[in-house]
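The sequence shown begins at 25 in the numbering used here and counts up one residue at a time.
Quick reminder that beta carbons are idealized off the backbone N, C-alpha and C, glycines included.
Quick notes on the structure that follows.
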Amino acid sequence: MENCKPVNTLLAQNEKLIKEDGANKVDGFIYRSLVGCLLYLTATTLDIMYATNLLSRFMQNPSELHFKTVKRVLRYVKGTNELEIWFKKNESSRLFGFADSDWVGSHKDMKSTSGYVFFIGLNVFSWNSKKQRTMAQSTAEAEYIATAAVVNQAI
25 MENCKPVNTL
35 LAQNEKLIKE
45 DGANKVDGFI
55 YRSLVGCLLY
65 LTATTLDIMY
75 ATNLLSRFMQ
85 NPSELHFKTV
95 KRVLRYVKGT
105 NELEIWFKKN
115 ESSRLFGFAD
125 SDWVGSHKDM
135 KSTSGYVFFI
145 GLNVFSWNSK
155 KQRTMAQSTA
165 EAEYIATAAV
175 VNQAI
């Protein structure tokens, strides 16, 4: 992957990743190793959090499409390796956060994914992306669950 062509987006727009997609299976050890590396990178690269969360759902039985998507994320990382997290001194030390969710993002089990990010002033200091434990019956409920996770983290 050293000489790969970088891409500007993490995930292809029209590809839906599902557990049993009928494609040929790939070596699970290599797939798990690459996803593990991406999980390690999420500690300092928050923009890959959602994609890494999504890819980690297929660790048990990855297909060629899942492996292709992991390689795409690695190509994205290569193209954005100059991006950094900066902590700047500023006058404001106000704490604020943002939350969002997708409703029924996982069509296999009909669960949503929540994500949040916290700032102190202009500095990002905490972020997360996680599949919700329960099935939300509406977008409002999925957003409520995401907001509850943010409040829990803030406290």
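Out of THR68, SER57 and ALA160, which one is the CA nearest neighbour of LEU107? Considering only alpha carbons, the answer is THR68.
Does DSSP classify VAL148 as helix, strand or coil? Look at VAL148 here: in three-state DSSP terms it is strand.
For ALA123: DSSP bridge partner residues: According to DSSP, ALA123 bridges with TYR140.
Distance CB(SER136)-CB(GLY129) smaller than 7 Å: Yes, the pair counts as a contact, with Cβ atoms nearer than the cut-off.
Stretch pair the segment 92-110 + the segment 64-83: three plus CB contacts closer than 8 Å: A contact is defined here as three or more CB-CB pairs under 8 Å, and the segment 92-110 meets this definition with respect to the segment 64-83.
For LEU79, the first and last residue of its enclosing alpha helix (DSSP H): It spans 73-79 - the alpha helix (DSSP H) in which LEU79 sits, taken as one unbroken run.
Do the segment 43-57 and the segment 107-116 meet, that is, are 3 or more Cβ pairs less than 8 Å apart? No, the segment 43-57 does not touch the segment 107-116.
Reduced DSSP category for VAL128 - H, G, I as helix; E, B as strand; rest coil: DSSP places VAL128 within a strand segment (E or B) once states are collapsed to three.
THR174 lies in the alpha helix (DSSP H); which residues open and close that run? A small fix is needed here, since residue 174 is Val in this sequence, not Thr. Counted as a single uninterrupted DSSP element, the alpha helix (DSSP H) harbouring VAL174 occupies residues 163-178.
When we look at the beta-carbon of PRO30 and count the other beta-carbons within 10 Å, is it buried (16 or more) or exposed? Taking all protein chains shown into account, PRO30 has fewer than 16 neighbouring C-beta atoms within 10 Å of its C-beta and is therefore exposed.
Which whole-angstrom value is the C-beta distance of PHE142 and SER153, which I expect to be below 8 Å? Not a contact, Cβ separation roughly 13 Å.
Report back the beta-carbon spacing between LYS49 and SER87 to the nearest angstrom; my notes put them in contact at under 8 Å. Rounded to the nearest angstrom, the Cβ distance from LYS49 to SER87 is 6 Å, consistent with a contact under 8 Å.
If the criterion is Cβ atoms closer than 7 Å, does the pair SER125 and ALA75 meet it? Not a contact, by the Cβ cut-off of 7 Å.
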